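Report on the structure given below.
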Amino acid sequence: MRHALVLGVVAAMAAAPWPHALAQTEDPVSAEFDKFREVLEKDNPAELWEVKGEQLWRTPGGPKKASLEKCDLGLGPGVVKGAYAQMPRYFADVDRVMDAEARIVHCMITLQGFTYAELAKAPFSSATRTPDPVSIVTYVAAQSAGMKFAAPQGHPKEKATYAAGKEIFFYRAGTFDFSCASCHGVDDKRIRTQPLPNFTKPEQAIRAVLGWPGYRMTGGVMHSLQWRLTDCFRQQRFPKPDYTSETLSALMTYVTVNANGQVYKGPGIKR
Amino acid sequence: MADPMKIRATLQGDVADVRVLMAHPMETGQRKQGDKLVPLHFIQTISAQLNGRTVFNADISQAISRNPVFAFKVKGAKAGDKISVTWTDNKGEKRSDETEVRAGS
Amino acid sequence: MKISNFAVLAAGAALLASCATGPQDPRSEALRMMQRDFKTQGIASIDRLKQDELQAACDKYGDNPPKEIATKLQNAQYAAIKWPADGKFLGDWKAGEKVAQNGRGMAWNDKGGVGGSCYNCHQIAPATTSFGTIGPSLKQFAKLRGYGPDIQRYAYAKIYNSKSYSACSQMPRFGHAGALTQKQMQDLTALLMDPASPVNR
Amino acid sequence: MQQTRRSVIKAGGALGLLAAFGTALLSPVRALAAWNKGAFEAKSTLDAMRALGVNNTEESKEIQIRAPDIAENGAVVPIDITSSIAGTSAILVFIEKNPFPYVGSFDVSQGAVPFVHLRVKMGETSPVRVVVTAGGKHYTSAKEVKVTIGGCGG
Numbered sequence: 008m009r010h011a012l013v014l015g016v017v018a019a020m021a022a023a024p025w026p027h028a029l030a031q032t033e034d035p036v037s038a039e040f041d042k043f044r045e046v047l048e049k050d051n052p053a054e055l056w057e058v059k060g061e062q063l064w065r066t067p068g069g070p071k072k073a074s075l076e077k078c079d080l081g082l083g084p085g086v087v088k089g090a091y092a093q094m095p096r097y098f099a100d101v102d103r104v105m106d107a108e109a110r111i112v113h114c115m116i117t118l119q120g121f122t123y124a125e126l127a128k129a130p131f132s133s134a135t136r137t138p139d140p141v142s143i144v145t146y147v148a149a150q151s152a153g154m155k156f157a158a159p160q161g162h163p164k165e166k167a168t169y170a171a172g173k174e175i176f177f178y179r180a181g182t183f184d185f186s187c188a189s190c191h192g193v194d195d196k197r198i199r200t201q202p203l204p205n206f207t208k209p210e211q212a213i214r215a216v217l218g219w220p221g222y223r224m225t226g227g228v229m230h231s232l233q234w235r236l237t238d239c240f241r242q243q244r245f246p247k248p249d250y251t252s253e254t255l256s257a258l259m260t261y262v263t264v265n266a267n268g269q270v271y272k273g274p275g276i277k278r
Numbered sequence: 177m178a179d180p181m182k183i184r185a186t187l188q189g190d191v192a193d194v195r196v197l198m199a200h201p202m203e204t205g206q207r208k209q210g211d212k213l214v215p216l217h218f219i220q221t222i223s224a225q226l227n228g229r230t231v232f233n234a235d236i237s238q239a240i241s242r243n244p245v246f247a248f249k250v251k252g253a254k255a256g257d258k259i260s261v262t263w264t265d266n267k268g269e270k271r272s273d274e275t276e277v278r279a280g281s
Numbered sequence: 034m035k036i037s038n039f040a041v042l043a044a045g046a047a048l049l050a051s052c053a054t055g056p057q058d059p060r061s062e063a064l065r066m067m068q069r070d071f072k073t074q075g076i077a078s079i080d081r082l083k084q085d086e087l088q089a090a091c092d093k094y095g096d097n098p099p100k101e102i103a104t105k106l107q108n109a110q111y112a113a114i115k116w117p118a119d120g121k122f123l124g125d126w127k128a129g130e131k132v133a134q135n136g137r138g139m140a141w142n143d144k145g146g147v148g149g150s151c152y153n154c155h156q157i158a159p160a161t162t163s164f165g166t167i168g169p170s171l172k173q174f175a176k177l178r179g180y181g182p183d184i185q186r187y188a189y190a191k192i193y194n195s196k197s198y199s200a201c202s203q204m205p206r207f208g209h210a211g212a213l214t215q216k217q218m219q220d221l222t223a224l225l226m227d228p229a230s231p232v233n234r
Numbered sequence: 290m291q292q293t294r295r296s297v298i299k300a301g302g303a304l305g306l307l308a309a310f311g312t313a314l315l316s317p318v319r320a321l322a323a324w325n326k327g328a329f330e331a332k333s334t335l336d337a338m339r340a341l342g343v344n345n346t347e348e349s350k351e352i353q354i355r356a357p358d359i360a361e362n363g364a365v366v367p368i369d370i371t372s373s374i375a376g377t378s379a380i381l382v383f384i385e386k387n388p389f390p391y392v393g394s395f396d397v398s399q400g401a402v403p404f405v406h407l408r409v410k411m412g413e414t415s416p417v418r419v420v421v422t423a424g425g426k427h428y429t430s431a432k433e434v435k436v437t438i439g440g441c442g443g
């Protein structure tokens, strides 16, 4: 089929007046998107991965033929409910802060006997394959739907990780001199027609974490925050961060703590 | 074997609001992977039964979105009734799943 | 970045390291993480993480360096501009429009520089209503500023190295970074400056 | 229809069997052919309609099409269709500018309410045309959906 390129066809918007002086939420195009976003969220294909993720969590697997039901996501072994909203957090057994997917991967290695190399080889979804950690993190995330984000900051390493995440957020480098803040450090800007939330502000930081993991309409694939942040670095023209690395956990800590106190709605649907 | 569907059936009076999520690539035959086109692979027919009696049929094309979502409404249902949904695709693959009709809130 | 810039990059990294006050310092902790966690992928080599002098200064001062430092940086950036070998600033505005529309280039899944991503941040030709707002509107660029050679030179310089006018601008240094060719920059200058360009009509 | 008949026989015996044939007659679109290849491969809405035996249509305000004025992503365009026409047996959907406009038919003659929610791929801005079959007649309505990101490349 013919397909209009992302950057090309915007004839529709030419027909409608584009009051770019208004805040993004007030323009008619965004309002129309929002209206149907609710329709799309009502039946979100992400639920298919929740179901799959739960199976993967409960079913013995890996070389050790173990399930993940003893995996400690921070609230004790096997406790899934509410865990996602309270991550990233510090884990003494690895002496670092981990986000949900990093922790799931850790459990798949320690409990089930997978190796990091095999899990990190192709960690993101394609049209034909969703890696197991993505399905599992979707299941885990769904068990925090309706809860407030409460990423802990009690442990010194949690504080240090937040501070490091903030440094990474503002770090300007690379061919284009970009930092995360180049796009997400000021209010009311957009790239093309895409509004850019300011993640340094609590009320907007929620938009960094809301709706992830998310079902992406483009390609029809399930993606997690690990993918989202990795792809941000690609667009930032940086080299590639390792899957489940501390750098990614630190950035997630920075944005999640900034969004603490606001309600997580569960896995979402993304453009 | 194809992944399970997710079916929800909720009563509104004596009408069951049935919502179905299906895991299927719905390949249009136009998508490229590398230099090669991915062959057509899509669900062609869907049928739904209320306690074993067919109440809804659909014939569809590859233009239905990947991981299809459908909703329809079935008359004469009550809580505890069984709703089953079956799809068949162009390769002859098939998947059936079932759920119970739940009272509406 | 260009190979010739490695020395500058390394110097920048050294400068940063000297700012660190200890192992618990968030800055050095962040650098430690990034140096360990980022890997070269395609054309996006690990060297890109090393800040050059300008990046380091902007980072240090939160993109708002003291005036004397900013002026010094701007002058150094301006002095390094390679002006068009043929002495012309204006190319083909139609080709420039294509460069402006193209948002690809320099990422790890690209082969090199391709486009200028200009519409990502700027309003330019009025027909394109899908434009970003990170940079100012460039609609009627020359109509408002004049079509003369000094403005042409200014426009070319801004595209080649925006930091030669504003030290910590968010705009990439397209010529300096080797992301656009001389011809592409001349075409973009024409998009802004040509009286026939939709930008000025 | 094989499966339908079997389950009907199990459920209600000969009477049920008769009823099943009766309803099949009331839904001419499905009764004509299982998965109508000709219609699905037609390159225009008109050709697809012909293949489906839809030769005359009458504009109707009793068909409600709820779809976005502008779709956020052509890969997933949500559409709700409700028919208030008495005796509605089938709902047919066409995306006129898609390379193969006929998207599907929804048979509601055997106990479903004349309503369907579906999500389609749209390659470009196009009318979404709906044809409703009721009492052997065909009624139609359309709604334009603008697409800024086409959804057919996957």
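Residue numbers (our numbering), protein chains in the order written: chain A, 8 to 278; chain B, 177 to 281; chain C, 34 to 234; chain D, 290 to 443. Here a beta-carbon is modelled for each residue, glycine too, at the ideal position from N, C-alpha and C. Remember, it's a predicted structure, so these values are computed and weren't measured experimentally.
(message) Please classify A:P209 as buried or exposed, where buried requires at least 16 other C-beta atoms within 10 Å of its C-beta.
(response) In the first sequence, residue 209 of chain A corresponds to position 202, counting from 1. Its Cβ having fewer than 16 others within 10 Å, A:P209 is exposed.
(message) Counting only C-beta atoms, is C:T104 closer than 8 Å to chain A at any point?
(response) Residue 104 of chain C sits at position 71 when you count from the first residue of the third sequence. Closer than 8 Å: no.
(message) Closest to D:L407 by C-alpha separation, out of D:F395, D:W324, D:A423, would be which residue?
(response) The residue labelled residue 407 of chain D in the question sits at position 118 within the fourth sequence. Comparing Cα-Cα distances from D:L407 to each of D:F395, D:W324, D:A423, the minimum goes to D:F395.
(request) Rank A:N51, A:K77, A:T168 by C-alpha distance to the C-alpha of B:R195 and give the top, closest one. (result) Working through the second sequence from its first residue, we reach residue 195 of chain B at position 19. Ranking the options by Cα distance to B:R195, first place goes to A:N51.
(message) Contact criterion: CB-CB distance below 8 Å. Does A:L55 meet it with respect to chain B?
(response) As a working mapping, residue 55 of chain A is identified with position 48 in the first sequence. Output row for A:L55: interface = yes.
(request) For A:Q211, return the contacting residues in chain C, with the cut-off set at a CB-CB distance below 8 Å. (result) As a position in the first sequence, residue 211 of chain A is number 204, starting the count at 1. Simply none; closest approach about 16 Å.
(request) Give the DSSP-derived three-state secondary structure of C:D125 in the structure shown. (result) One-based indexing of the third sequence puts residue 125 of chain C at position 92. Reduced to three states, the DSSP call for C:D125 is coil.
(message) So A:G227 contacts chain D; which residues on that side make the cut at Cβ distance below 7 Å?
(response) Working through the first sequence from its first residue, we reach residue 227 of chain A at position 220. What A:G227 touches in chain D: A364.
(request) Could you work out which residues of chain C lie near A:E174, taking near to mean beta carbons separated by less than 7 Å? (result) Counting from one through the first sequence, the residue named residue 174 of chain A turns up at place 167. Within 7 Å Cβ-Cβ: P59, R60, A63.
(message) If you reduce the DSSP assignment to three classes, tell me which class A:D194 lands in.
(response) Mapped onto the first sequence, residue 194 of chain A falls at position 187. Coil.
(request) Confirm, please, whether the CB-CB distance from C:G138 to C:G146 is below 8 Å. (result) Translated into positions along the third sequence, residue 146 of chain C becomes position 113. Translated into positions along the third sequence, residue 138 of chain C becomes position 105. Contact: yes.
(message) Once the 5 residues before and after A:A212 are set aside, which same chain residues still bring their CB inside 7 Å of it?
(response) Sequence index remark: in the first sequence, residue 212 of chain A carries index 205 (1-based). F206, V262, N265, A266.
(message) Using the Cβ count rule (16 or more neighbours within 10 Å means buried), how would you classify A:A215?
(response) In the first sequence, residue 215 of chain A corresponds to position 208, counting from 1. Looking at its Cβ environment, which holds 16 or more other Cβ atoms inside 10 Å, A:A215 is buried.
(message) Looking at the secondary structure, which residues open and close the alpha helix (DSSP H) in which D:G393 lies?
(response) Position 104 of the fourth sequence, counted from the first residue, corresponds to residue 393 of chain D. Premise fails: D:G393 lies in the beta strand (DSSP E), 391-396, not in any alpha helix (DSSP H).
(message) I'd like the list of long-range same chain contacts for C:N141, defined as Cβ closer than 7 Å, with 5 residues on each side in sequence excluded.
(response) For the purposes of this step, residue 141 of chain C is taken as the residue at position 108 of the third sequence. Checking the displayed sequence, the identity of residue 141 of chain C turns out to be Trp instead of Asn. Around C:W141: Q74, G75, I76, A77.
(message) Considering Cα atoms alone, identify which of C:P117, C:D58, C:L64 is closest to C:A190.
(response) Within the third sequence, residue 190 of chain C is the residue found at index 157, counting from 1. Nearest option by C-alpha distance: C:P117.
(request) Specify whether the segment 237-252 of chain A and the segment 174-191 of chain A touch according to this definition: at least 3 beta carbon pairs, one from each stretch, less than 8 Å apart. (result) yes
(message) Suppose you measure from the CA of A:Q269 to the CA of D:I354; what does that come to, to the nearest Å?
(response) Mapped onto the first sequence, residue 269 of chain A falls at position 262. Mapped onto the fourth sequence, residue 354 of chain D falls at position 65. Computed Cα separation, rounded: 36 Å.
(message) Residues of chain D with CB closer than 8 Å to the CB of A:L217, please, in chain order.
(response) The residue you call residue 217 of chain A lines up with position 210 of the first sequence. Correct list: empty, because the minimum Cβ distance to chain D is about 16 Å.
(message) Cutting at 6 Å between CB atoms, please list the residues of its own chain near C:Q217, excluding the five before and the five after it.
(response) Residue mapping note: residue 217 of chain C aligns to position 184 of the third sequence, counting from 1. If we look at C:Q217 and ignore the five residues flanking it on each side, its Cβ neighbours are V132.
(message) With distance defined between alpha-carbon atoms, name the residue in D:A364, D:P357, D:I368 nearest to B:A247.
(response) Counting from one through the second sequence, the residue named residue 247 of chain B turns up at place 71. When only C-alpha atoms are compared, the closest one is D:I368.
(message) Buried or exposed, going by whether 16 or more other CB atoms sit within 10 Å of the CB of C:Q219?
(response) Counted from its first residue, the third sequence places residue 219 of chain C at position 186. C:Q219 comes out buried.
(message) Can you pull the chain B neighbours of A:V141, defined as C-beta to C-beta under 7 Å?
(response) Counting from one through the first sequence, the residue named residue 141 of chain A turns up at place 134. Simply none; closest approach about 14 Å.
(request) On a CA-only basis, which of C:K115, C:S230, C:G181 is nearest C:Y193? Give me that one, please. (result) Position 160 of the third sequence holds residue 193 of chain C. Of the listed residues, the one whose Cα sits closest to C:Y193 is C:K115.
(request) Please name the residue in A:A109, A:V87, A:L126 whose C-alpha comes closest to that of A:A152. (result) Residue 152 of chain A sits at position 145 when you count from the first residue of the first sequence. Taking only the C-alpha atoms, the option nearest A:A152 is A:V87.
(request) Label A:V282 either buried or exposed according to how many other C-beta atoms from any shown protein chain fall within 10 Å of its C-beta, with 16 as the threshold for buried. (result) Since the first residue shown for chain A is 8 and the last is 278, residue 282 of chain A is missing from the structure and cannot be characterised.
(request) Identify the contact partners of B:K182 in chain A, using a Cβ-Cβ distance below 7 Å as the criterion. (result) For this step, residue 182 of chain B is matched to residue 6 along the second sequence. In chain order: E54, L55, V58.
(request) Verify the CB distance criterion: does B:V231 have a CB-CB separation below 8 Å to chain D? (result) Looking up residue 231 of chain B in the second sequence gives position 55. It does; some Cβ of chain D falls within 8 Å.
(request) Mind reading off the beta-carbon distance from B:R278 to B:T186? Whole number of angstroms is fine, and I expect it under 8 Å. (result) In the second sequence, the residue the question calls residue 278 of chain B occupies position 102. In the second sequence, the residue the question calls residue 186 of chain B occupies position 10. Their Cβ separation, rounded to whole angstroms, is 5 Å, which keeps B:R278 and B:T186 in contact under 8 Å.
(request) Sort out for me which residues DSSP pairs A:E281 with in a bridge. (result) Missing from the structure shown is residue 281 of chain A; chain A here goes from 8 to 278 and no further.
(message) With a threshold of 8 Å on Cβ separation, who are the neighbours of B:Q206 within its own chain once the five nearest residues in sequence on each side are excluded?
(response) One-based indexing of the second sequence puts residue 206 of chain B at position 30. Here the set comprises L213.
(request) Would you kindly report the start and end of the unbroken beta strand (DSSP E) that includes A:M94? (result) As a working mapping, residue 94 of chain A is identified with position 87 in the first sequence. A:M94 -> no beta strand (DSSP E), and no H or E assigned at all.
(message) What does DSSP give as the partner residue(s) for B:Q238 in the beta ladder?
(response) Counting from 1 along the second sequence, the entry for residue 238 of chain B is found at position 62. Its beta-bridge partners do not exist; DSSP assigns none.
(request) Give a yes or no on whether the minimum CB-CB distance between D:K435 and chain B is below 8 Å. (result) Position 146 of the fourth sequence, counted from the first residue, corresponds to residue 435 of chain D. No, D:K435 does not count as interfacial toward chain B.
(request) Just grab the DSSP bridge partners of B:D193 for me. (result) Here residue 193 of chain B refers to the residue found at position 17 when the second sequence is read from its first residue. Looking at the DSSP assignment, B:D193 forms a beta bridge with B:T186, B:K249.
(message) Alpha carbons only, please: which of A:D194, A:M154, A:C78, A:L47 is nearest the one belonging to A:R223?
(response) For this step, residue 223 of chain A is matched to residue 216 along the first sequence. Residue A:L47 is the option with its Cα nearest to A:R223.
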